[in-house]
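Engineer: Those protein sequences? They're chains B and F, same order as listed. For the first sequence, the numbering used here gives the first residue as 1, with consecutive numbering after it. For the second sequence, the numbering used here gives the first residue as 1001, with consecutive numbering after it. The beta-carbon is built from N, C-alpha and C at its ideal position, and this holds for glycine as well.
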Amino acid sequence: MDEFREMFFVECDELLEGLANGLRTMEAPNFEKETVHAVFRAVHSIKGGAAAFGLTTLVTFAHRFETLLDLIRSDRMDTPPPIIALLHRSSDCLSDLVAAARLATEADQSRVDALLAELDALIDDDDGPADTSFEFTPITLDFNAAPAMAPAAGLQVQMKPTFDLYRSGNDPLALLAALRKLGETTVTLRTDGVPALADWSIERPQLGWDIRIAGAVTEADIRSVFEFVDDCCTLSISAIADEPATETFLPLEVAVPGPAAAEPQPADVAAAPAAAPAVNRPAPPLAEPAQGATIRVGLERVDRLMNMIGELVIKEAMLSQVIQTAGLHESPDVVAGLDSIRQLAGDIQESVMAIRAQPLKLVFQRMHRILREAADATGKPVRLVTIGEQTEVDKTMIERLIDPLTHMIRNSVDHGLEDAVTRQRRGKPQEGTITLSAAHRSGRVQIEISDDGGGINRPKVRQIAEDRGLIAPGSNLSPSEIDQLLFLPGFSSKDEVSALSGRGVGLDVVRREIMALGGRVMIDSVEGKGTTFAIALPLTLAVLEGMLIQLGDQTMVLPITAVQETLQPDQSMLHGVGQGSQLLANRGELIPIIDLCQTFGLDEPESEGGVLIVVESDSRKRAAFRVDGIFDQRQVVIKSLEQNYGRVPGVSAATILGDGKIALIIDPEEIILSLSNDHGRHMAAMASNG
Amino acid sequence: MLQAISSNAIGQSDVVAFKLADQDFCIDIGLVREIRGWTPTTMLPHAPSYVKGVINLRGSVVTVVDLSARLGFGTATPSQRHVVIIAMHAGRVVGLLADLVSDILTIDEDHIQGVPDIASNPAREFITGMITLEDGRILRKIDLAQLLPTPHGADI
Chain B
1 MDEFREMFFV ECDELLEGLA NGLRTMEAPN FEKETVHAVF RAVHSIKGGA AAFGLTTLVT
61 FAHRFETLLD LIRSDRMDTP PPIIALLHRS SDCLSDLVAA ARLATEADQS RVDALLAELD
121 ALIDDDDGPA DTSFEFTPIT LDFNAAPAMA PAAGLQVQMK PTFDLYRSGN DPLALLAALR
181 KLGETTVTLR TDGVPALADW SIERPQLGWD IRIAGAVTEA DIRSVFEFVD DCCTLSISAI
241 ADEPATETFL PLEVAVPGPA AAEPQPADVA AAPAAAPAVN RPAPPLAEPA QGATIRVGLE
301 RVDRLMNMIG ELVIKEAMLS QVIQTAGLHE SPDVVAGLDS IRQLAGDIQE SVMAIRAQPL
361 KLVFQRMHRI LREAADATGK PVRLVTIGEQ TEVDKTMIER LIDPLTHMIR NSVDHGLEDA
421 VTRQRRGKPQ EGTITLSAAH RSGRVQIEIS DDGGGINRPK VRQIAEDRGL IAPGSNLSPS
481 EIDQLLFLPG FSSKDEVSAL SGRGVGLDVV RREIMALGGR VMIDSVEGKG TTFAIALPLT
541 LAVLEGMLIQ LGDQTMVLPI TAVQETLQPD QSMLHGVGQG SQLLANRGEL IPIIDLCQTF
601 GLDEPESEGG VLIVVESDSR KRAAFRVDGI FDQRQVVIKS LEQNYGRVPG VSAATILGDG
661 KIALIIDPEE IILSLSNDHG RHMAAMASNG
Chain F
1001 MLQAISSNAI GQSDVVAFKL ADQDFCIDIG LVREIRGWTP TTMLPHAPSY VKGVINLRGS
1061 VVTVVDLSAR LGFGTATPSQ RHVVIIAMHA GRVVGLLADL VSDILTIDED HIQGVPDIAS
1121 NPAREFITGM ITLEDGRILR KIDLAQLLPT PHGADI
């Protein structure tokens, strides 16, 4: 039973996600009718499941919610913004109730009651006026208004079995027969998707049926017919919307008439065949879960696999070292064999990473709610635009991103955006926009949160930092350094503590959480235009492509993503500045040189020179690292140092080399930031000690 | 086997005894995971002087603490004959570098005495008790919690 229960909740998550999605689609003025149906179905399914598990609170609420949606569905209610807002709140509440039921805790009943009352008010209101409006408008009653009478006019069912249906021995004919028992049916075969015979595959059945059922038939009746084949055919049920003719059916010219094909309607030939299917079956705006075969696997199994692949990568490195020592590395057979093992290991690793990868959508989705709540709390009208939510990152990262992003969204609403009055004065639209975007960028995932607010008020930030003793008064700070002050612990830029984001948890916590994920946070702010926070994250927490470098007697790993170029400088390119500092003049650019031996407190080698590696930080700052040598480039498995020791400045993690020894993985970003100036060093120290 | 069971009787405990600068120390056997020979470590930048570095223990990164330096005897120069006692404390694995492991002993907890008021000595704060053995040797019992670098090693 517990297992079913858990399955129900997992399904609920998907349904709620679809629900929230659908509601957002409905914000647009001309949303597809199908969206409302999908939203309705989601709520209905949750209600059904909840009833099976005896979750009465959930059922009661879902029922009212569903009733309201039904009114919208049958065009008896419009969807002006206040209604949409109510729907959103109801959806939030529903997800709270589901969460409460899952944990067997109590949801905030007062809130539920308040919403129920609101819903009830709307539903009751509707009964009267909606009916009268029909009496008043008999003449203008056109086809578009017809759905209002849906229950009497019958329902339109679109059914398209997938291969699974046939494979499991079900027969569409039996389903059609069952439907016929519900009322008088008109069945039309849809052959629009059927390919030419040469391309035809038994595994991709393309036949679909449109069934019109006349009379007083309810959606539930139809659903019950499809109860056992629900997951192996696409099904949509709608009220009969318009006259049967027009574009509902296809012109005959499409291939292979199916056995049960009814007489094609006098086809609207004007409708281009290509356009017809689109009209016929509007691509469901609500992303239905893919019909492909999926399995649910416990995360720990995937993790175990990932760990083993990590070991495999290490063993492969060891093996190649042994082969090298044994002098076999010249043999083409050995080299070829080793190469293919290496390639295979890489492929396996990529596949496992793909298993673990999940679209950021899962996180972004939640942010809509956070934003709504933040907007309500601050009274600022805000909308959230999400871009690139299909960008995939590691599953563990998804979970750990929720808190930082929540905080940053709140921060943007609270501190980033001006209030409506100020916005108006500045000639901006009253409604603020926060854009949440994600994209893959050179081996990393970049997530950006930008607002179109007033930008960072730098003089004020500076003043606050001085007041709190975070910086010495009168320090010489560049604008970007001032922006960095926001990340200092104990910095809160609002004079008064606001109810929303000023809970003493500052951006420093956000930064620490992102850093724990191997990521960075950067700020870019333009006065009057807005502020962008960018988070750069590694694709995976398990493996990294690194350059093996020699520093004194130590081997270290430099992440390849940061490396721009390596060069053997001649003296003419090096310029001393003051005592001990050197600059590299490279293609007209002056780059500070950082001696890594010095940074890590290693004994410096006798020989001068070495190799310079030009690295670039995520904040576009460059530096040249002086190392004693570069000897390999390979995939390394990331091992946590913090687990058994703690954070080491300038080092992000450790790895195990082919000879079984540990090498530290350098964090170029931190080194660049900490050495760029003394002030930065001070900040970095404070941030890491926090 | 029988002896092992009887030795775990109430009031008794097993300890791993080891030598460091000609003094005898011990730690509770429950904390010890294994004992290994010395292998070269990878240094940790900015680490306290008593942190020798990290070693690879079957895929995990383990910090090695130079007990000799930690207890104020001066930095050890490890050789093949040195041992690393792998101990587990509060979920963290740590290696303790010692001269040699001498014995596994069963001691009566009654025999553990407090540390006498000796002059300020770095060793004192890490020693929780003294045990006098029958042959006249004295075992100093080490408190692992005090000894280890804090979770934020860089803070020290």
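1) Is His1089 (chain F) close to chain B? Criterion is C-beta to C-beta, closer than 8 angstroms.
2) Using three-state DSSP, classify Phe61 (chain B) as helix, strand or coil.
3) Taking the beta carbon of Arg212 (chain B) as the centre, do at least 16 other beta carbons fall within 10 Å, making it buried, or is it exposed?
4) Would you kindly check if the distance between the Cβ of Leu1133 (chain F) and the Cβ of Leu987 (chain F) is under 8 angstroms?
5) Answer with buried or exposed for Asp108 (chain B), where buried requires no fewer than 16 other C-beta atoms within 10 angstroms of its C-beta.
6) So who's on the other strand from Ser581 (chain B), going by DSSP bridges?
7) At a CB distance below 8 angstroms, what residues from the region 654-668 of chain B approach chain F? Give them in sequence order.
8) Does the CB of Phe9 (chain B) have a neighbour CB from chain F at under 8 angstroms?
9) With distances taken from CA atoms, which of B:Val43, B:Met408, B:Glu219 is nearest Ile535 (chain B)?
10) Between the region 632-652 of chain B and chain F, which residues of the former have a C-beta closer than 9 angstroms to a C-beta of the latter?
11) Report yes if the C-beta distance between Leu69 (chain B) and Ile123 (chain B) is below 8 angstroms; otherwise report no.
12) So the alpha helix (DSSP H) Ala354 (chain B) belongs to, where does it begin and stop?
13) From the beta carbon of Ser1079 (chain F), is the nearest beta carbon of chain B less than 8 angstroms away?
14) In angstroms, rounded to a whole number, what distance separates the CA positions of Val557 (chain B) and Gln568 (chain B)?
15) Determine contact between the region 1075-1094 of chain F and the region 318-330 of chain B, defined as no fewer than three beta-carbon pairs at a distance below 8 angstroms.
16) Look up Phe1025 (chain F) in the DSSP assignment and say whether it is helix, strand or coil.
17) Output the distance between the C-alpha atoms of Val352 (chain B) and Leu305 (chain B), rounded to the nearest integer angstrom.
18) Report yes or no: do the region 412-424 of chain B and the region 548-563 of chain B share at least 3 C-beta pairs separated by less than 8 angstroms?
19) Along the alpha helix (DSSP H) that carries Cys232 (chain B), what are the first and last residues, could you check?
20) Along chain F, in chain order, which residues have C-beta atoms closer than 8 angstroms to that of Glu311 (chain B)?
21) Starting from the C-beta of Phe487 (chain B), find all residues in its chain whose C-beta is less than 6 angstroms away, skip the five residues before and the five after it, and write them out in chain order.
22) Report the rounded CA-to-CA distance for Glu288 (chain B) versus Gly18 (chain B), giving the unit in angstroms.
23) Would a check of beta-carbon distances place Leu1100 (chain F) closer than 8 angstroms to chain B?
24) Between Gln463 (chain B) and the ligand SAM, is the CB less than 7 angstroms from at least one heavy atom?
25) Just reading off the alpha helix (DSSP H) that Gln156 (chain B) is part of, what are its end residues?
26) What are the residues that DSSP puts in a beta bridge with Arg634 (chain B)?
27) Roughly how many angstroms lie between the CA atoms of Val651 (chain B) and Glu669 (chain B), to the nearest whole one?
28) Taking just the CA atoms, how far does Pro479 (chain B) sit from Arg468 (chain B)?
29) Kindly list, in the order they appear in chain F, the residues whose Cβ is closer than 7 angstroms to that of Phe600 (chain B).
30) Considering Met1130 (chain F), what are the terminal residues of the beta strand (DSSP E) in which it resides?
31) Under a CB-based cut-off of 8 angstroms, is Gln349 (chain B) close to chain F?
32) Is the distance from the Cβ of Arg400 (chain B) to the Cβ of Leu539 (chain B) below 8 angstroms?
33) So which residues of chain F does Gln571 (chain B) contact, with C-beta pairs closer than 8 angstroms?
34) Secondary structure at Ser1013 (chain F), three-state DSSP: helix, strand or coil?
35) Please list the terminal residues of the continuous alpha helix (DSSP H) segment that includes Gln446 (chain B).
36) Quick check on this structure: which residue in B:Ser640, B:Val637, B:Lys639, B:Val614 has the alpha carbon closest to the alpha carbon of Ile630 (chain B)?
Structural biologist: Reading from the atomic positions:
1) no
2) helix
3) buried
4) As shown, chain F starts at 1001 and ends at 1156. That puts residue 987 (chain F) outside it, with no answer to give.
5) exposed
6) B:Val577
7) Ala654, Ile656, Gly660, Lys661, Ile662, Ala663, Leu664
8) no
9) B:Met408
10) Val637, Lys639, Ser640, Leu641, Glu642, Gln643, Asn644, Tyr645, Gly646, Arg647, Val648, Pro649, Gly650, Val651
11) no
12) 332-356
13) no
14) 19 angstroms
15) no
16) strand
17) 8 angstroms
18) no
19) Neither: Cys232 (chain B) is in no alpha helix (DSSP H) and is coded neither H nor E.
20) Gly1059
21) Leu507, Asp508, Arg511
22) Caution is warranted here: a pLDDT of 45 is assigned to Glu288 (chain B), below 50, making its placement in the model unreliable, and the coordinate value is therefore given only provisionally. So the alpha carbons of these two residues sit roughly 8 angstroms apart.
23) no
24) The model on display carries no ligand, and the ligand SAM is accordingly not part of it.
25) Taken as a continuous stretch (DSSP letters only), Gln156 (chain B) belongs to no alpha helix (DSSP H), being part of the beta strand (DSSP E) at 155-161.
26) B:Gly546
27) 10 angstroms
28) 19 angstroms
29) Pro1045
30) 1127-1132
31) no
32) no
33) Within chain F, no residue comes near Gln571 (chain B); the closest Cβ sits about 29 angstroms away, beyond 8 angstroms.
34) strand
35) Premise fails: Gln446 (chain B) lies in the beta strand (DSSP E), 444-451, not in any alpha helix (DSSP H).
36) B:Val614
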